[in-house]
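Residue numbering for the sequence shown follows my numbering, beginning at 46 and increasing consecutively.
Using N, Cα and C, we set each Cβ at its ideal position, and we do this for glycine too.
Worksheet: the structure to be examined is printed underneath.
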Amino acid sequence: MEQLQFKKNEWIVEQTSLKKIAQKVGTPTYVYSLSTIEKNYFEIDQAYQSIPHLIAYAMKANSNLTIVQTLAKLGAGADVVSGGEIFKAIKAGIPPKKIIFSGVGKLAEEIKYAIQMKIRIFNVESIEEILLLDKMAQQFKQYVSIAIRFNPDVDAHTHHYISTGKRENKFGIDLNNLNEIIKVVRNSKHLKWNGVHAHIGSQMTQTRSLTRAAQILSKLVSQLRGEAFPIQTVNLGGGYGIQYKEQVPKISSYANPIVQLLKDQNVDIIVEPGRYIVGNAGVLLTRISYVKKKLNKIFYIVDAGMTDLIRPALYGAYHQITALDKSQKSQQRVDIVGPICESADFLAQNRAMPVLKSGDLLVVFSAGAYGSSMASNYNVRPYACEVAVRKKMWKIVRKRQTWNDLIQNEIQWIKK
Ligand code: LLP
Numbered sequence: 046m047e048q049l050q051f052k053k054n055e056w057i058v059e060q061t062s063l064k065k066i067a068q069k070v071g072t073p074t075y076v077y078s079l080s081t082i083e084k085n086y087f088e089i090d091q092a093y094q095s096i097p098h099l100i101a102y103a104m105k106a107n108s109n110l111t112i113v114q115t116l117a118k119l120g121a122g123a124d125v126v127s128g129g130e131i132f133k134a135i136k137a138g139i140p141p142k143k144i145i146f147s148g149v150g151k152l153a154e155e156i157k158y159a160i161q162m163k164i165r166i167f168n169v170e171s172i173e174e175i176l177l178l179d180k181m182a183q184q185f186k187q188y189v190s191i192a193i194r195f196n197p198d199v200d201a202h203t204h205h206y207i208s209t210g211k212r213e214n215k216f217g218i219d220l221n222n223l224n225e226i227i228k229v230v231r232n233s234k235h236l237k238w239n240g241v242h243a244h245i246g247s248q249m250t251q252t253r254s255l256t257r258a259a260q261i262l263s264k265l266v267s268q269l270r271g272e273a274f275p276i277q278t279v280n281l282g283g284g285y286g287i288q289y290k291e292q293v294p295k296i297s298s299y300a301n302p303i304v305q306l307l308k309d310q311n312v313d314i315i316v317e318p319g320r321y322i323v324g325n326a327g328v329l330l331t332r333i334s335y336v337k338k339k340l341n342k343i344f345y346i347v348d349a350g351m352t353d354l355i356r357p358a359l360y361g362a363y364h365q366i367t368a369l370d371k372s373q374k375s376q377q378r379v380d381i382v383g384p385i386c387e388s389a390d391f392l393a394q395n396r397a398m399p400v401l402k403s404g405d406l407l408v409v410f411s412a413g414a415y416g417s418s419m420a421s422n423y424n425v426r427p428y429a430c431e432v433a434v435r436k437k438m439w440k441i442v443r444k445r446q447t448w449n450d451l452i453q454n455e456i457q458w459i460k461k
C-alpha cells in the first residue's frame, strides 16, 4: 500500500498513526485506507476505459459497508454470492442494476430476493439452476437476464484451493455441454440469455490464463449470436494478483489483451475484482502477548490468529509482517502464532523478525482482502475491530464484538 509509510519513526496510513489507532481501539484491529481503495478502483477503470465496462466489486473479499459505500460512490457494481451479500450491497448504495449474482449453490429464497430486487444478471452454473430460475421468474412474472458461467478448463496457475476454471472444479458449466444448454435455455419462458461468464481463479500472477479464457469467451459470443442469442456482456471474473511477496503484473497487462480481443465485438465487459481493490488497502494490527522460547524455536504469541486471518493456515499464504516500532535491529527466526487451540494457527513460520518483547505491536500487510470476511468465532473469539482511514481522519467502521454479541442467538433451554 503506497499509503502505508514509515515516516518520522512511525507507521502511518494516509496521515494517521497506526500506533494511535492501536492505543485507542486495542488489537486485533483491521485498518483500511479509503484512498488506496479508490486508487485501485480507478486503476482498473482506466485499464478498461476504451470499452464499455462495469467493475462489479467482489463483495466476498471484504463486505464492510464503508468500503462498499466508498466503491458505490465511484460507480462500482457488486459481484455477490449470497442473499446476504445482495442485502449488504443494496444497504451500501449499490444500485440493483449493477449487481451480478454468481455462485454454484444459490438457494431458492436467495433467487427470489434477487428477482424481487431486480438485479442485473444471474451468472448461472448448472442446468438445474437454469430450470429453477426459469420457474421462479415465471412465478414472479418477470423476465430475468442470465449469463452462463462456463468452465473453460484453463489452469489459473494459482493455489489449488482458489483455482476455479479447471474441469475438475465445481464451478461453471463445461463447454461440451453447450448444445444441451442451448436447448434448455431455448425451452425456457422467462430467461434472457445475454451474457457469458468465466472466473478461472484468484491471485493469478501471470496474464496468459485470463487471456486464454477471454479467447474462449470471445469465440462463444460469435457462436451464440449465430444461434440467435443476443449476447451483450462478457464477464471475465476477477483474479488479478496482488503483491504479497513477489511482484505481479500491472492491471493494464491483464486488461490490454482482453480489450484487444473484444473491442470489435460490440460487447460490454464486466469484471469482478475483489482482492486487487482491497487487499493492499488493509493491514491487521496485532500485539505480542507472550514471547516463548523452546529448545530451538521462538514463538511470538500474538492476539490475532486464524480466526481473524485464516489465509496462512488455509493456503500457506505469505503476509509480510513488520514491527510497528522499528528501533530494534537485531533479527531472529520466529513463528508468529495466535492464541487458538490449533497447530495451524500461525500468521508466519520461520520468519526473520527483530528481537521483540510482549506488548510490542505488529503490522500484518495485505490483509484487506479475505481477512475479516473469512473470520470466525472459533474458540468464542469476537470479531476484530475495523477502522477506516481518510487522511488525518479515522473512524471505527465495525465495532469489536463483545462476549454478549457472541451469545445473542443462543437460547438457553436449560433453566438455571
Ligand atoms: N468472481 C467470482 C465468481 C469469484 O468466485 C471470485 C473469488 C471473484 C470474482 C474475486 O476474485 P479476486 O479478484 O478477489 O481474486 N479466500 C481466497 C480467495 C477466494 C476467491 C474466491 N472467488 C484467498 O484468501 O486467497
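Exercise. Between which two residues does the alpha helix (DSSP H) carrying residue 86 extend?
Worked result: 79-92
Problem set entry | Simplified DSSP state of residue 205, which is helix, strand or coil | helix
Exercise. Exposed or buried, which one is residue 203 when buried takes at least 16 other CB atoms within 10 Å?
Worked result: buried
Exercise. Which parts of the segment 360-417 are runs of the beta strand (DSSP E), unbroken and 3 residues or longer, counting only runs that do not cross its ends?
Worked result: 366-368, 376-382, 391-399, 406-409
Exercise. With a Cβ-Cβ cutoff of 8 Å, do residue 137 and residue 106 count as a contact?
Worked result: no
Exercise. To which residues of the same chain is residue 212 closer than 7 Å at the C-beta, ignoring the five residues directly before and after it?
Worked result: 196, 198, 219
For this session: Would you decide whether residue 438 is buried or exposed? Buried here means 16 or more other CB atoms lie within 10 Å of its CB.
Result: exposed
For this session: In angstroms with no decimal places, state the Cα-to-Cα distance between residue 232 and residue 255.
Result: 32 Å
For this session: Grab me the residues of residue 363's own chain with a C-beta within less than 7 Å of its C-beta, minus the 5 sequence neighbours each way, in chain order.
Result: 289, 290
For this session: Determine the direct distance from the alpha carbon of residue 449 to that of residue 455, and round the result to whole angstroms.
Result: 10 Å
Exercise. Assuming residue 236 and residue 333 make a contact with CB atoms under 8 Å, what is their CB distance in whole Å?
Worked result: No, residue 236 and residue 333 are not in contact; Cβ-Cβ is about 56 Å, not under 8 Å.
For this session: Measure how close the beta-carbons of residue 133 and residue 104 come, nearest whole angstrom, since I'm counting them as under 8 Å.
Result: 7 Å
For this session: List the whole-angstrom C-beta distance separating residue 75 from residue 326, where the pair is believed to meet the contact cut-off of C-beta under 8 Å.
Result: Contact doesn't hold; Cβ gap of about 10 Å is too wide.
For this session: Assign residue 305 to one of two classes, buried (16 or more other C-beta atoms within 10 Å of its C-beta) or exposed (fewer than that).
Result: exposed
Exercise. Hey, does residue 237 have any beta-carbon neighbour from chain C nearer than 8 Å?
Worked result: Absence of chain C from the displayed structure is noted, only one protein chain being present.
For this session: Going by DSSP, name the residue or residues bridged to residue 112.
Result: According to DSSP, which records beta bridges pairwise, residue 112 is partnered with nothing at all.
Exercise. Apart from the five residues on each side of it in sequence, which residues of its chain come closer than 8 Å, Cβ to Cβ, to residue 382?
Worked result: 344, 345, 346, 347, 350, 390, 391, 392
Problem set entry | Residues of its chain near residue 403, where Cβ-Cβ distance is below 7 Å and the 5 sequence neighbours each way are ignored | 333, 334, 335, 336
Exercise. Within 7 Å: the Cβ of residue 349 and any heavy atom of ligand 1?
Worked result: no
Exercise. What residue range is occupied by the uninterrupted alpha helix (DSSP H) comprising residue 182?
Worked result: 172-184
Exercise. With distances taken from CA atoms, which of 152, 245, 330 is nearest residue 316?
Worked result: 245
Problem set entry | Test item: CB-CB of residue 357 and residue 373 under 8 Å | no
Exercise. Do you know how far the Cα of residue 169 is from the Cα of residue 241?
Worked result: 10 Å
Problem set entry | Rounded C-alpha distance that separates residue 433 from residue 50 | 16 Å
Problem set entry | residue 318: CB within 7 Å of a non-hydrogen atom of ligand 1 | yes
Exercise. Could you give the distance in angstroms between the alpha-carbon of residue 319 and the alpha-carbon of residue 259?
Worked result: 19 Å
Exercise. Hey, would you say the C-beta of residue 209 is under 7 Å away from at least one heavy atom of ligand 1?
Worked result: yes
Exercise. Under 8 Å, do residue 191 and residue 216 count as touching if we go by C-beta distance?
Worked result: no
For this session: Name the residue from 71, 179, 65 whose alpha carbon lies nearest to the alpha carbon of residue 428.
Result: 71
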